[in-house]
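S.K.: Below is a structure I'd like to ask you about.
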Amino acid sequence: MRIRSLGRQPYTRIEPAMRAFTLARTAETEDELWLVEHEPVFTQGIAGRDGHVLTAGDIPVVRTDRGGQVTYHGPGQVVAYPLLDLRQRGYFVKEYVFRIEQAVLDTLAHFGVTGHRVRGAPGIYVRLDDPFGHAVLQVGSPDPFKGLGKIAALGIKVSNHRSYHGVALNVAMDLAPFSRIDPCGYAGLATVDLQSLGVTVPLEDAAARLAQALQSRLD
């Protein structure tokens, strides 16, 4: 898998480039992993409801063809786009999502943070009162997000067995824009980053660690 570190880029430049890469690739095309930090933008999934954007203000809203609802990308966040041929790699979409989430869990664990999955809600979450503890989440709670904050959002697209879009890990952001939306379609869902949990790490180090974890889990 070729890794490309693209620096800070407008979403409207990277998103069409991903689609073009995916459309043009052949059976001989090498898989790639793009790492990027976006300028401020709200992105809306293909079935996203406009009502989940509460107050966009001066931040543009871009509708995309990925799954999921609305999320925010901005400086201080690592966005990883695995551009893969899933058929050649030998796994289906459900396993692909699981592998991406596991890579995020591995990355957080490297920095001492315990991440969690929530059934039916792709992405990774942390306990707000004990982000470094290892207690297992209760299953079947009437409010599955009670006491949790989202630290990584996931939204993918698979076309002809080829993936694009990906996962965003919050490292050291201005989290205020998340209050202008229902993050990933969930009203009142708290959003956190490593910095707000007390973990200080350069964005480049977090990106490198996430890339390493994705390489390991997606191979």
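Under numbering that gives the first Met the number 0, the residues of the sequence shown are numbered 0 to 218, in order. Note that CB positions come from ideal geometry on N, CA and C, so glycine has one too. For clarity, every value in this text was computed on a predicted model and none was experimentally measured.
Going by CA-CA distance only, name the one from G66, G56 and R7 that's closest to E38.
M.R.: The candidate whose alpha carbon is nearest that of E38 is R7.
S.K.: Give me the Cβ distance between R179 and L53, rounded to the nearest whole Å; I'm assuming they're in contact under 8 angstroms.
M.R.: About 5 angstroms; that satisfies the 8 angstroms criterion.
S.K.: Go ahead and label V138 buried or exposed: buried means 16 or more other beta carbons lie within 10 angstroms of its beta carbon, across all protein chains shown.
M.R.: Exposed, by the Cβ-count rule.
S.K.: Taking S215 as part of the alpha helix (DSSP H), name the residues at either end of that continuous run.
M.R.: Run containing S215: L202 to L217, per the alpha helix (DSSP H) assignment.
S.K.: Between the Cα of G165 and the Cα atoms of E36, T28 and G111, which residue gives the shortest distance?
M.R.: For G165, the nearest C-alpha among the options comes from E36.
S.K.: Among residues of its own chain, excluding the 5 on either side of L107, which ones have a beta-carbon nearer than 6 angstroms to its beta-carbon?
M.R.: Excluding positions up to five away in sequence, the list reads G114.
S.K.: Just to confirm the assignment: which complete beta strand (DSSP E) runs, minimum length 3, are found wholly within the region 55-114?
M.R.: Within the region 55-114, the complete beta strand (DSSP E) runs of at least 3 residues are 60-62, 70-72 and 76-82.
S.K.: G165 by DSSP, collapsed to three states: which one?
M.R.: Three-state result, G165: strand.
S.K.: Which residues share a DSSP beta bridge with G148?
M.R.: Paired residue(s): V125 and A189.
S.K.: Report the residue from D129, D142, D128 and T63 whose alpha carbon sits nearest the alpha carbon of R118.
M.R.: For the residues D129, D142, D128 and T63, the minimum Cα distance to R118 belongs to D142.
S.K.: Taking the straight line between their C-alpha atoms, what separation do you get for P176 and V200?
M.R.: About 21 angstroms.
S.K.: With respect to the beta strand (DSSP E) encompassing I2, which residues constitute its N-terminal and C-terminal limits?
M.R.: R1 to Q8 is the extent of the beta strand (DSSP E) around I2.
S.K.: What number of angstroms, rounded off, separates the C-alpha of H51 from the C-alpha of Q43?
M.R.: About 9 angstroms.
S.K.: Assuming the contact rule is C-beta atoms closer than 8 angstroms, V92 and V157 should be a hit. Round their C-beta distance to whole Å, please.
M.R.: Yes, they are in contact, since the Cβ atoms of V92 and V157 sit about 5 angstroms apart, within 8 angstroms.
S.K.: Put F20 into one of helix, strand or coil per three-state DSSP.
M.R.: Here F20 sits in helix by DSSP.
S.K.: Tell me whether the region 142-152 and the region 179-192 touch, counting them as touching only if at least three CB pairs, one residue from each stretch, are closer than 8 angstroms.
M.R.: Yes, the region 142-152 is in contact with the region 179-192.
S.K.: Checking 8 angstroms against the spacing of the C-beta atoms, do L34 and V77 come in under that value?
M.R.: Result yes, Cβ atoms of L34 and V77 sit closer than 8 angstroms.
S.K.: How big is the Cα-Cα spacing for F110 and V198?
M.R.: When rounded, the distance between both Cα atoms is 7 angstroms.
S.K.: Just the Cα atoms here: how many angstroms apart are A19 and T25?
M.R.: Taking the straight line from one Cα to the other gives about 12 angstroms.
S.K.: Do you know offhand how far P136's Cα is from M172's?
M.R.: In the sequence under discussion, the amino acid at residue 136 is Leu, which differs from the Pro named in the question. Each residue's Cα considered, the two are about 26 angstroms apart.
S.K.: Is it the case that the Cβ atoms of H72 and Y10 are separated by a distance below 8 angstroms?
M.R.: In this structure, Y10 lies closer than 8 angstroms to H72 by Cβ.
S.K.: Can you give the Cα-Cα distance for L13 and D192, rounded to whole angstroms?
M.R.: According to the sequence provided, residue 13 is Ile. The question's Leu does not apply to it. Rounded to whole angstroms, I13 to D192 spans 23 angstroms at the Cα level.
S.K.: Go through its chain and collect everything with a Cβ distance to A206's Cβ below 6 angstroms, but skip five positions before and after it.
M.R.: If we look at A206 and ignore the five residues flanking it on each side, its Cβ neighbours are L34 and V77.
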